[in-house]
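Going by our numbering, the letters in the sequence shown line up with residues 4 to 158, in that order.
Just so you know, even glycine gets a beta-carbon here, dropped at the ideal spot from N, CA and C.
Let me begin by presenting the structure, written as structure tokens, before commenting on it.
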Amino acid sequence: MNARFVWWLVATIVATSVGCASPRTEILLVVGADLSVPDDIDHVMIRASGADSDGGFVHTYDVTQSQTPLPLTLGLLSAGGHAGPLHVDVTGLKGVTEVVARSASTSFVEGKVLVLHIDLLKACVSVTCTDASETCIAGACSSDTISSLPPYTGL
Numbered sequence: 004m005n006a007r008f009v010w011w012l013v014a015t016i017v018a019t020s021v022g023c024a025s026p027r028t029e030i031l032l033v034v035g036a037d038l039s040v041p042d043d044i045d046h047v048m049i050r051a052s053g054a055d056s057d058g059g060f061v062h063t064y065d066v067t068q069s070q071t072p073l074p075l076t077l078g079l080l081s082a083g084g085h086a087g088p089l090h091v092d093v094t095g096l097k098g099v100t101e102v103v104a105r106s107a108s109t110s111f112v113e114g115k116v117l118v119l120h121i122d123l124l125k126a127c128v129s130v131t132c133t134d135a136s137e138t139c140i141a142g143a144c145s146s147d148t149i150s151s152l153p154p155y156t157g158l
């Protein structure tokens with residue numbers, strides 16, 4: 004092996020292992036549903052924003068594809084690794100038509116990986132919450148604030 008390549012490989016391994024040593028500030032979003040795919044919903048749109056975010060995150064996933072089945076998981080990282088607020092909107096779509104929507108307002112905890120479960124439920128299909136701080140929970144509008152999330156414990 005070329006000596007330059009060996010030094011590059013060693014430097015890369017050291018840099019990677021040092022980066023892994025610092026704890027992440029992350030929320031692992033897990034989106035589930037009791038709705039049928041593709042009969043009831045075929046796409047899930049996720050919007051996430053927070054005080055430290057860089058314009059937020061918006062993406063629509065085709066949940067009929069094997070690469071993005073339900074439950075859908077997404078790691079949301081805090082900008083700069085700091086504690087701070089996070090607001091997440093999850094919408095189940097059939098084509099471009101909104102079928103069901105849920106939201107959650109919570110917070111990153113510095114140096115912790117936490118888990119946020121948001122389920123798109125049949126009971127919430129015909130429920131529209133007019134207060135921006137509420138979401139449908141079990142068929143009724145309730146506060147979307149979640150003050151404490153469980154830690155991610157691994158597999």
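Which listed residue (the options) has its alpha carbon closest to that of residue i
| i | options | result |
| --- | --- | --- |
| Leu80 | Pro74, Leu73, Pro72, Leu89 | Leu89 |
| Val61 | Thr67, Met48, Gln70, Pro72 | Met48 |
Close-in-space but distant-in-sequence residues of the same chain around residue i (CB under 8 Å, 5 per side omitted)
| i | result |
| --- | --- |
| Asp122 | Val34, Gly35, Ala36, Asp37, Arg105 |
| Pro154 | Lys115, Val116, Leu117, Val118 |
| Thr76 | Leu31, Leu32, Val33, Val34 |
| Asp65 | Asp45, His46, Thr71 |
Cβ-Cβ distance between residue i and residue j below 8 Å
| i | j | result |
| --- | --- | --- |
| Thr28 | His120 | no |
| Leu32 | Val91 | yes |
| Asp43 | Val102 | yes |
| Ser146 | Glu137 | yes |
| Thr63 | Ser108 | no |
Cβ shell of residue i (< 7 Å), same chain only, five flanking positions each side left out
| i | result |
| --- | --- |
| Gly167 | There is no way to answer for residue 167, as the model of the chain reaches only from 4 to 158. |
| Ser110 | Ala86, Gly87, Pro88, Leu89 |
| Gly157 | none |
| Cys139 | Arg105, Cys127, Val130, Cys132 |
| Pro74 | Val33, Val34, Gly35 |
| Gly78 | Glu29, Leu31 |
Bounding residues of the beta strand (DSSP E) (the contiguous stretch that carries residue i)
| i | result |
| --- | --- |
| Leu64 | Strictly speaking, residue 64 in this sequence is Tyr, with Leu absent from that position. Its beta strand (DSSP E) spans residues 60-65. |
| Glu137 | 137-140 |
| Ile149 | No beta strand (DSSP E) holds Ile149; DSSP gives it neither H nor E. |
| Leu124 | No beta strand (DSSP E) contains Leu124, which DSSP labels as neither H nor E. |
| Leu96 | 87-97 |
| Gly78 | 75-80 |
Inter-residue spacing [alpha-carbon to alpha-carbon] between residue i and residue j
| i | j | result |
| --- | --- | --- |
| His46 | Pro26 | 33 Å |
| Gly191 | Ile30 | Residue numbering for the chain in the displayed model covers 4 to 158; residue 191 lies beyond these limits and cannot be assessed. |
| Thr67 | Cys127 | 21 Å |
| Ser69 | Leu96 | 17 Å |
| Ala141 | Leu124 | 7 Å |
| Leu152 | Ala143 | 21 Å |
| Val99 | Val40 | 15 Å |
Contacts around residue i, its chain only, beta-carbon distance under 6 Å, and the 5 residues preceding and following it disregarded
| i | result |
| --- | --- |
| Val93 | Val34, Ile49, Arg105, Ile121 |
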